Structures are given as structure tokens and as C-alpha cells.
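In what follows, a structure is listed as C-alpha cells, so that the remarks can point back to it.
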Ligand SMILES: [Zn+2]
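Numbering (the numbering used here), first residue to last: 80 to 246.
This is how it looks when you write it as C-alpha cells:
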């Protein structure tokens with residue numbers, strides 16, 4: 080999933096669900112949603128080294144240790160975990176690494192009787208590099224660009240008053 084989507088989707092949900100949230104915190108901490116993809120730059124660890132609940136919880140606890148602020152802790156945990164959930168919608172993630180050393184893939188689909196089919200598959204970790212090399216573009220997909228355009232439109236609509244004031 081595109082980095083921009085990893086920031087925008089959870090940030091917008093946060094701003095819509097908690098309109099009174101501290102905007103500076105909500106927007107600043109949203110950058111944390113990018114952190115799990117740093118394992119992309121470490122050979123053969125993408126989608127597991129930092130894509131698991133132990134990493135997201137651990138990093139949030141470290142942030143809490145330095146800030147002693149429960150709100151910041153919960154927001155950090157939310158942004159980091161949102162990354163795993165969003166990645167799950169487009170592929171496999173090793174959610175419980177290193178306890179469970181396999182990639183987990185959840186697919187939800189409608190079957191012919193209009194009933195939701197939920198299937199959970201697992202793949203060995205080594206498959207990741209080949210899994211992604213077979214895809215044309217990992218960071219920028221057509222769906223991503225369309226969704227991004229849609230999100231930008233929603234932001235403009237939501238903040239049209241303050242945008243107009245700037246002019
Ligand atoms: Zn990711």
C-alpha cells in the first residue's frame with residue numbers, strides 16, 4: 080500500500096471519529112504509520128520484521144516511556160497498528176512474528192449466495208520477496224491513485240471554509 084495512504088486513511092478516520100482531538104498530535108503522529116515499512120529497506124525482512132503486533136506495541140511503549148502521556152501512547156499504537164490492518168487488506172503480513180513465523184493473509188469475499196467468505200491463509204516468510212517482485216508496482220497502484228484523489232476531494236470539502244478564508 081502507498082505510504083501516503085498509510086498516513087491519510089487512519090488520520091482521516093481519527094479526525095472524523097474524534098473531531099476534538101489535538102490536530103497537531105493527530106497529524107504529527109500519523110507519520111508513525113510509515114514506520115513499519117522501514118523493514119522494506121532491510122533485506123528479506125519486509126512484511127515481518129516490523130509488521131507485527133509485538134513491534135507496534137513495543138514501539139508505542141517506548142514512546143510512552145519518553146512522553147508519559149497515555150493519549151500519545153494510544154494514538155501511536157493506533158497509527159502503528161493501522162498499518163498492519165491496511166497491509167492485511169492488500170496482502171500478507173506476519174502479524175505475530177517472531178512468535179508465529181509465517182505470513183498471514185486474510186481474504187474477505189462475497190460468494191454466489193451473497194454471504195461473506197472469510198478465509199485465512201498462511202505463507203512461509205521467504206516468499207515475500209518473490210511475492211512482491213511479481214507485482215508491477217508496490218507503492219503506487221491504480222486503486223491507490225483513485226483513492227488518493229477521492230481523499231483529497233473529501234479534505235477539500237471538509238475544510239473548504241478555511242481554504243476559502245486563506246484566499
Ligand atoms: Zn507495510
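From the three backbone atoms N, C-alpha and C, an ideal C-beta is built for every residue, glycine too. What you are looking at is a predicted structure, and each value in this text was computed from that prediction instead of being measured.
For residue i, report the span of its beta strand (DSSP E) as first-last.
i: residue 186; result: 181-189
i: residue 202; result: 195-203
Just to confirm, does residue i get its C-beta within under 7 Å of one of the non-hydrogen atoms of ligand 1?
i: residue 162; result: yes
i: residue 115; result: yes
i: residue 202; result: no
i: residue 166; result: yes
Just to confirm the assignment, what range does the alpha helix (DSSP H) spanning residue i have?
i: residue 85; result: 82-96
i: residue 168; result: 149-169
i: residue 140; result: 132-146
i: residue 106; result: 102-107
Around the Cβ of residue i, are there at least 16 other Cβ atoms within 10 angstroms (buried) or fewer (exposed)?
i: residue 95; result: exposed
i: residue 155; result: buried
i: residue 239; result: exposed
i: residue 97; result: exposed
i: residue 144; result: exposed
i: residue 233; result: exposed
i: residue 236; result: exposed
i: residue 84; result: buried
i: residue 172; result: buried
i: residue 93; result: buried
i: residue 215; result: Low confidence applies to residue 215: its pLDDT is 48, below 50, so where it sits in the model is not reliable, and the reading given next is rough at best. Exposed, by the Cβ-count rule.
i: residue 112; result: buried
i: residue 248; result: No information on residue 248 is available, as it lies outside the stretch 80 to 246 that the chain covers here.
i: residue 120; result: exposed
i: residue 108; result: buried
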